[in-house]
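Student: Here the protein sequences line up with chains A and B, keeping their order. Once you know that position 44 of the first sequence is 44 in this note's numbering, the rest is easy, because the numbers rise by one and skip nothing. Once you know that position 257 of the second sequence is 257 in this note's numbering, the rest is easy, because the numbers rise by one and skip nothing. Please find one structure pasted underneath; my questions will follow.
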Amino acid sequence: MSESGLAYTFRLHAGGLYAIWFREVKRAVRDRGQLIGGVSRPLLWVLIMGIGLNPYFRGEVYGEVRFVVPYTYLQFIFPAVIALNIMYTSIQSAVSVIWDRQFGFLREVLVSPLPRATILLGKILGGATVALFHGCLVLVLARFADLSLSIGDIARGLLLMALLAFGLTSLGVVIAGRIRSFEGFGVFSNAVILPLYFTSSSVFPLDPSLTNAQTSVIYPEWLMIVVRFNPMTYAVDALRGAFIHFQQFDAWMGPAVLVGMAVVFFAMALRGFSKA
Amino acid sequence: MTAAIQIGGVSKRYGRTIALDAVSFDVAAQEVFALLGPNGAGKTTLLHILSTILRPDSGTVTIGGVDALTHPTRSRRDIGVVFQEPSLDDRLTVFENLNFHGLVHGVPGALRRRRIAELLDLVELTDWRDKLVRTLSSGMKRRVEIARALTHDSRILFLDEPTVGLDAQSRDRIWRYIARLRATRDLTVVVTTHYIEEVEACDRVCIIDHGKILALDSPATLKATYGQQLLRVVPHADAAAEIAMDYPDATIRPDGEMVLQSSGDVFAESFLARYGSRIRRLSVEEPSLESVFLSLTGREIRDQAATGRERTLAFGRQGGEHTR
Numbered sequence: 001m002s003e004s005g006l007a008y009t010f011r012l013h014a015g016g017l018y019a020i021w022f023r024e025v026k027r028a029v030r031d032r033g034q035l036i037g038g039v040s041r042p043l044l045w046v047l048i049m050g051i052g053l054n055p056y057f058r059g060e061v062y063g064e065v066r067f068v069v070p071y072t073y074l075q076f077i078f079p080a081v082i083a084l085n086i087m088y089t090s091i092q093s094a095v096s097v098i099w100d101r102q103f104g105f106l107r108e109v110l111v112s113p114l115p116r117a118t119i120l121l122g123k124i125l126g127g128a129t130v131a132l133f134h135g136c137l138v139l140v141l142a143r144f145a146d147l148s149l150s151i152g153d154i155a156r157g158l159l160l161m162a163l164l165a166f167g168l169t170s171l172g173v174v175i176a177g178r179i180r181s182f183e184g185f186g187v188f189s190n191a192v193i194l195p196l197y198f199t200s201s202s203v204f205p206l207d208p209s210l211t212n213a214q215t216s217v218i219y220p221e222w223l224m225i226v227v228r229f230n231p232m233t234y235a236v237d238a239l240r241g242a243f244i245h246f247q248q249f250d251a252w253m254g255p256a257v258l259v260g261m262a263v264v265f266f267a268m269a270l271r272g273f274s275k276a
Numbered sequence: 001m002t003a004a005i006q007i008g009g010v011s012k013r014y015g016r017t018i019a020l021d022a023v024s025f026d027v028a029a030q031e032v033f034a035l036l037g038p039n040g041a042g043k044t045t046l047l048h049i050l051s052t053i054l055r056p057d058s059g060t061v062t063i064g065g066v067d068a069l070t071h072p073t074r075s076r077r078d079i080g081v082v083f084q085e086p087s088l089d090d091r092l093t094v095f096e097n098l099n100f101h102g103l104v105h106g107v108p109g110a111l112r113r114r115r116i117a118e119l120l121d122l123v124e125l126t127d128w129r130d131k132l133v134r135t136l137s138s139g140m141k142r143r144v145e146i147a148r149a150l151t152h153d154s155r156i157l158f159l160d161e162p163t164v165g166l167d168a169q170s171r172d173r174i175w176r177y178i179a180r181l182r183a184t185r186d187l188t189v190v191v192t193t194h195y196i197e198e199v200e201a202c203d204r205v206c207i208i209d210h211g212k213i214l215a216l217d218s219p220a221t222l223k224a225t226y227g228q229q230l231l232r233v234v235p236h237a238d239a240a241a242e243i244a245m246d247y248p249d250a251t252i253r254p255d256g257e258m259v260l261q262s263s264g265d266v267f268a269e270s271f272l273a274r275y276g277s278r279i280r281r282l283s284v285e286e287p288s289l290e291s292v293f294l295s296l297t298g299r300e301i302r303d304q305a306a307t308g309r310e311r312t313l314a315f316g317r318q319g320g321e322h323t324r
């Protein structure tokens with residue numbers, strides 16, 4: 001090992017990143033339970049919730065036209081279900097951080113010459129890849145939601161999904177850094193995922209045809225505040241922009257929030273991981 | 001001979017417990033160096049410091065001429081570590097584990113595959129190459145870990161209790177591999193153990209207890225310097241108390257056996273003259289590392305592992321589970 005310099009450094013970092021990333025992906029592929037969850041969750045939401053509630057969302061329900069929107073309920077929640085699937089998988093993938101610590105594998109990585117930032121980046125990229133894949137599983141159901149997607153839509157959507165997956169996996173690592181047991185993580189992650197999901201204007205719309213004043217008459221103010229401060233609102237909104245061309249907020253906001261989440265959560269994860 | 005490892009005044013404390021107290025020694029290149037001590041003596045703490053995953057409170061550590069405290073990533077290229085607790089990913093195959101290790105140590109592809117094949121051959125696991133690690137026995141897992149620690153051609157190998165929890169056959173095997181490795185490559189081995197019989201084959205033995213070095217030398221010299229003849233006596237019930245009074249430094253094992261440190265044949269003769277008719281069994285043990293340990297620490301190495309009370313007390317001294 002007398003060789004040193006650029007070639008070694010490059011091979012070490014590229015190889016190490018690849019090894020850690022590939023290990024995460026391989027473990028996810030071999031874990032049937034996770035895959036089943038990734039398939040059943042969108043089926044449940046899209047086919048049962050979506051199709052079941054679809055008629056009640058149209059403006060002409062009960063013969064009274066409330067508002068007319070250019071999409072169905074199924075189309076409306078479809079991008080949110082993608083976000084939900086990514087959210088679940090991303091945050092769950094951080095379980096592997098706890099797993100590694102518990103079963104000693106973390107030490108094996110820590111005695112390697114790789115810097116901690118590279119180790120963490122590999123892990124998060126691996127988890128994000130798996131989450132992105134689970135997001136794509138939902139995308140397969142696009143036909144059932146009557147979505148016709150152009151290549152451009154899909155490319156834009158995938159980019160946003162990848163950003164979301166990266167940010168949320170980082171968040172998972174931050175959470176995993178504070179929680180020592182598997183059971184604790186399961187409970188805690190559900191306590192984070194579901195509220196974030198439900199308050200991201202994912203299942204009920206903040207209707208675009210209403211003014212701010214009208215909206216606050218329909219919805220209580222505290223809910224409006226929670227929705228507006230939930231970063232997932234903007235992530236879901238950005239995905240809607242890509243997949244159903246409808247956005248409540250300015251087009252730049254979604255991507256900005258997604259990039260912000262990725263940067264902030266990764267920085268937090270790195271801070272925690274460097275101390276571990 | 002040049003020193004592969006130099007340790008100067010290394011101290012580490014956990015709360016109020018001193019795990020290591022100003023430990024200093026050198027390990028020569030191509031030496032097999034044993035750290036011997038009971039559980040909780042500080043061996044693992046020392047090994048974690050040497051493998052750069054734990055920082056000492058004070059002192060210096062030099063590995064292969066490089067300061068391991070200021071340049072840990074440089075040192076890590078030279079060292080291979082087998083931790084006490086298994087650290088394989090058991091959802092990956094044997095090959096995948098080794099390949100992962102090679103990749104995170106920057107070993108180029110062709111060389112990596114060749115070395116993995118060689119090392120699997122050495123630890124006799126070539127047939128298990130593509131089996132998931134979780135299907136392996138604990139002895140096999142240990143062998144995979146040894147192969148893994150050498151995948152990046154490390155020149156210094158740290159083994160933390162490599163034989164603990166293994167059956168006698170697997171233990172022999174591990175030591176056979178260590179012997180074969182040092183014969184075939186430029187390798188320095190530092191191994192911790194609390195099995196005394198295992199260190200006989202090592203070049204030098206460092207006896208450590210309560211974070212302090214008690215003795216450091218070759219097994220032969222240690223035996224000559226500190227070794228004592230031992231009388232192992234199983235007395236009749238009525239004589240036990242009397243013997244204990246006569247020989248206050250005798251240790252009594254839970255099974256009723258008493259271990260007396262003999263100063264020579266005269267000692268044995270006078271003991272026999274007094275108690276010869278009142279003992280059930282007596283054996284004379286020639287100087288061994290066991291007796292070296294006994295005379296240095298005043299107890300047998302297995303004692304501490306055996307008594308739950310002492311362990312509970314030691315645990316309490318560390319602050320119990322509230323410190324975690």
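Glycine included, every Cβ here is placed at the ideal spot set by N, Cα and C.
Mind pulling the chain B residues with CB within less than 9 Å of R228 (chain A)?
Tutor: If you number the first sequence from 1, residue 228 (chain A) lands on position 228. The contacting residues do not exist; R228 (chain A) stays about 41 Å from chain B at best.
Student: What do you reckon, is the C-beta of G64 (chain B) under 7 Å from a heavy atom of the ligand MN?
Tutor: Within the structure as shown, the ligand MN is missing, as the structure has no ligands at all.
Student: Looking at the unbroken alpha helix (DSSP H) that takes in Y73 (chain A), where does it start and where does it end?
Tutor: Sequence index remark: in the first sequence, residue 73 (chain A) carries index 73 (1-based). Here the alpha helix (DSSP H) through Y73 (chain A) covers Y73 to S93.
Student: Short of 7 Å in beta carbon distance, which residues of its chain neighbour G241 (chain A), apart from the five on each side in sequence? Order them along the chain.
Tutor: Your numbering for residue 241 (chain A) matches position 241 in the first sequence. Closer than 7 Å at the Cβ level, and outside the excluded window around G241 (chain A), lie Q247, A251 and G254.
Student: Which partner residues of G8 (chain B) appear in the DSSP bridge assignment?
Tutor: As a first step, residue 8 (chain B) is located in the second sequence; it is residue number 8 there, counting from the start. Paired residue(s): B:T60.
Student: Is there at least one Cβ from chain A nearer than 8 Å to H105 (chain B)'s Cβ?
Tutor: Your numbering for residue 105 (chain B) matches position 105 in the second sequence. Chain A, which has a Cβ nearer than 8 Å to the Cβ of H105 (chain B), makes this yes.
Student: Excluding sequence positions up to five away, which residues of its chain have a Cβ less than 7 Å from the Cβ of L231 (chain B)?
Tutor: The count along the second sequence starts at 1 and reaches residue 231 (chain B) at position 231. The answer, listed in chain order, is L260, S262, A268, F271, L282 and V284.
Student: Listed from N- to C-terminal order along the chain, which residues in the region 84 to 96 of chain B have their beta-carbon within a distance smaller than 8 Å of any beta-carbon of chain A?
Tutor: The region 84 to 96 of chain B vs chain A, Cβ under 8 Å: E85, P86, S87, L88, D89, D90, R91, L92 and E96.
Student: The alpha helix (DSSP H) that contains L111 (chain B), what's its start and end?
Tutor: Reading the second sequence from its first residue, position 111 is the one you call residue 111 (chain B). Unbroken alpha helix (DSSP H) run through L111 (chain B): G109 to L122.
Student: Is it true that the CB of V259 (chain A) sits closer than 8 Å to the CB of T129 (chain A)?
Tutor: Here residue 129 (chain A) refers to the residue found at position 129 when the first sequence is read from its first residue. Here residue 259 (chain A) refers to the residue found at position 259 when the first sequence is read from its first residue. Not closer than 8 Å, so no.
Student: Leaving aside the five residues before and after G65 (chain B) along the sequence, list all residues of the same chain whose C-beta is less than 7 Å from its C-beta, in chain order.
Tutor: Sequence index remark: in the second sequence, residue 65 (chain B) carries index 65 (1-based). Closer than 7 Å at the Cβ level, and outside the excluded window around G65 (chain B), lies no residue.
Student: Listing by chain order, which chain B residues have their CB less than 9 Å from the CB of K26 (chain A)?
Tutor: Residue numbering aside, residue 26 (chain A) sits at position 26 when the first sequence is read from its first letter. Simply R91, L92 and E96.
Student: Among residues of its own chain, excluding the 5 on either side of V138 (chain A), which ones have a beta-carbon nearer than 8 Å to its beta-carbon?
Tutor: Position 138 of the first sequence, counted from the first residue, corresponds to residue 138 (chain A). Hits under 8 Å: P42, V46, F78, V81, I82 and N85.
Student: Among B:E124, B:H105 and B:I156, which one has its Cα closest to the Cα of V82 (chain B)?
Tutor: Taking the second sequence and counting its residues from 1, one reaches residue 82 (chain B) at position 82. Ranking the options by Cα distance to V82 (chain B), first place goes to B:I156.
Student: In or out: A306 (chain B) buried (at least 16 other Cβ within 10 Å) or exposed?
Tutor: Locating residue 306 (chain B) in the second sequence gives position 306, where the first residue counts as 1. Low local confidence applies: a pLDDT of 39 at A306 (chain B) is under 50, so the model's placement there is unreliable, with the coordinate-based value given in what follows. A306 (chain B) is exposed by the Cβ-count criterion.
Student: Can you tell me which of the three DSSP states P254 (chain B) falls into?
Tutor: The sequence position of residue 254 (chain B) within the second sequence is 254, counting from 1. If DSSP states are grouped into helix, strand and coil, P254 (chain B) belongs with coil.
Student: With a threshold of 8 Å between beta-carbons, can I53 (chain B) be considered close to chain A, or not?
Tutor: In the second sequence, the residue the question calls residue 53 (chain B) occupies position 53. Output row for I53 (chain B): interface = yes.
Student: Would you check if the distance between the CB atom of I5 (chain B) and the CB atom of T62 (chain B) is smaller than 8 Å?
Tutor: Within the second sequence, the letter at position 5 stands for residue 5 (chain B). Within the second sequence, the letter at position 62 stands for residue 62 (chain B). Against a cut-off of 8 Å, the Cβ pair of T62 (chain B) and I5 (chain B) comes out as a contact.
Student: Quick test of your reading: T193 (chain B) and L36 (chain B), contact by CB under 8 Å. State the CB separation rounded to the nearest angstrom.
Tutor: Counting from 1 along the second sequence, the entry for residue 193 (chain B) is found at position 193. Counting from 1 along the second sequence, the entry for residue 36 (chain B) is found at position 36. That belief holds up - the Cβ atoms of T193 (chain B) and L36 (chain B) are roughly 6 Å apart, short of 8 Å.
Student: Kindly indicate which three-state DSSP category V199 (chain B) falls into: helix, strand or coil?
Tutor: Sequence index remark: in the second sequence, residue 199 (chain B) carries index 199 (1-based). V199 (chain B) falls in the helix class under three-state DSSP.
Student: For K212 (chain B), write down the residues that DSSP places opposite it in a beta bridge.
Tutor: In the second sequence, counting from the first residue as 1, residue 212 (chain B) sits at position 212. Answer is B:D209, bridged to K212 (chain B).
Student: Would you call the region 191 to 205 of chain A and the region 16 to 30 of chain B in contact, with 3 or more CB pairs under 8 Å?
Tutor: Touching, no, given that fewer than three Cβ pairs across the two stretches are closer than 8 Å.
Student: Which two residues bound the contiguous beta strand (DSSP E) that contains E285 (chain B)?
Tutor: Walking along the second sequence from the start, residue 285 (chain B) turns up at place 285. Per DSSP, E285 (chain B) belongs to the beta strand (DSSP E) from I279 to E285.
Student: Any C-beta of chain A within less than 8 Å: which residues of the region 70 to 84 of chain B qualify?
Tutor: Along the region 70 to 84 of chain B, going in chain order, the ones with a CB nearer than 8 Å to a CB of chain A are T73, R74, R76, R77, D78, I79, V81 and F83.
Student: What is the C-beta distance between V234 (chain B) and I178 (chain B), in whole angstroms, given that I count them as a contact (C-beta under 8 Å)?
Tutor: Residue 234 (chain B) sits at position 234 when you count from the first residue of the second sequence. Residue 178 (chain B) sits at position 178 when you count from the first residue of the second sequence. Between I178 (chain B) and V234 (chain B) the Cβ distance is about 36 Å, and since that is not below 8 Å, they are no contact.
Student: Kindly list the residues whose CB is nearer than 8 Å to the CB of G272 (chain A), restricted to its own chain and excluding five residues on each side of it in sequence; keep chain order.
Tutor: The residue you call residue 272 (chain A) lines up with position 272 of the first sequence. Excluding sequence neighbours, G272 (chain A) sits near V173, V174, G177 and R178.
Student: Alpha carbon to alpha carbon, how far is G40 (chain B) from G264 (chain B)? Give it in angstroms, no decimals.
Tutor: Here residue 264 (chain B) refers to the residue found at position 264 of the second sequence. Here residue 40 (chain B) refers to the residue found at position 40 of the second sequence. Rounded to the nearest angstrom, the two C-alpha atoms are 33 Å apart.
Student: Would the region 84 to 94 of chain B count as touching the region 121 to 139 of chain B if we require 3 or more Cβ pairs under 8 Å?
Tutor: Between the region 84 to 94 of chain B and the region 121 to 139 of chain B, the count of Cβ pairs shorter than 8 Å is three or higher; the stretches touch.
Student: Identify which residue in B:P254, B:M258 and B:D238 has its Cα closest to the Cα of Y247 (chain B).
Tutor: Here residue 247 (chain B) refers to the residue found at position 247 when the second sequence is read from its first residue. Measuring from the Cα of Y247 (chain B), the nearest candidate turns out to be B:M258.
Student: May I ask which residues mark the beginning and end of the alpha helix (DSSP H) holding S40 (chain A)?
Tutor: Indexing the first sequence from 1 puts residue 40 (chain A) at position 40. That run of the alpha helix (DSSP H) goes R32 to P42.
Student: Spell out a yes or no on whether the region 141 to 155 of chain A and the region 94 to 104 of chain A are touching, meaning 3 or more CB-CB pairs, one atom from each, closer than 8 Å.
Tutor: No, because fewer than three Cβ pairs between the region 141 to 155 of chain A and the region 94 to 104 of chain A fall closer than 8 Å, the two stretches do not touch.
Student: Here's the rule: buried if 16 or more other CB atoms are within 10 angstroms of the residue's CB, otherwise exposed. What is V61 (chain A)?
Tutor: The sequence position of residue 61 (chain A) within the first sequence is 61, counting from 1. Because V61 (chain A) carries a pLDDT of 46, less than 50, the predicted location of this residue cannot be relied on, and the following value inherits that uncertainty. Under this definition V61 (chain A) is an exposed residue.
Student: Judging by CA-CA distance, which residue of A:A269, A:L114 and A:L163 is the nearest neighbour of G15 (chain A)?
Tutor: Position 15 of the first sequence, counted from the start, is the residue given in the question as residue 15 (chain A). If we check each option's Cα against that of G15 (chain A), A:L114 comes out closest.
Student: Distance, Cα to Cα, S40 (chain A) vs R173 (chain B)?
Tutor: For this step, residue 40 (chain A) is matched to residue 40 along the first sequence. For this step, residue 173 (chain B) is matched to residue 173 along the second sequence. Between S40 (chain A) and R173 (chain B), the C-alpha separation is close to 49 Å.
Student: Need the endpoints of the beta strand (DSSP E) that T17 (chain B) sits in, please.
Tutor: As a first step, residue 17 (chain B) is located in the second sequence; it is residue number 17 there, counting from the start. Its beta strand (DSSP E) spans residues T17 to A28.
Student: So, helix, strand or coil for R271 (chain A), using DSSP?
Tutor: Residue 271 (chain A) sits at position 271 when you count from the first residue of the first sequence. Residue state, collapsed to three classes: helix.
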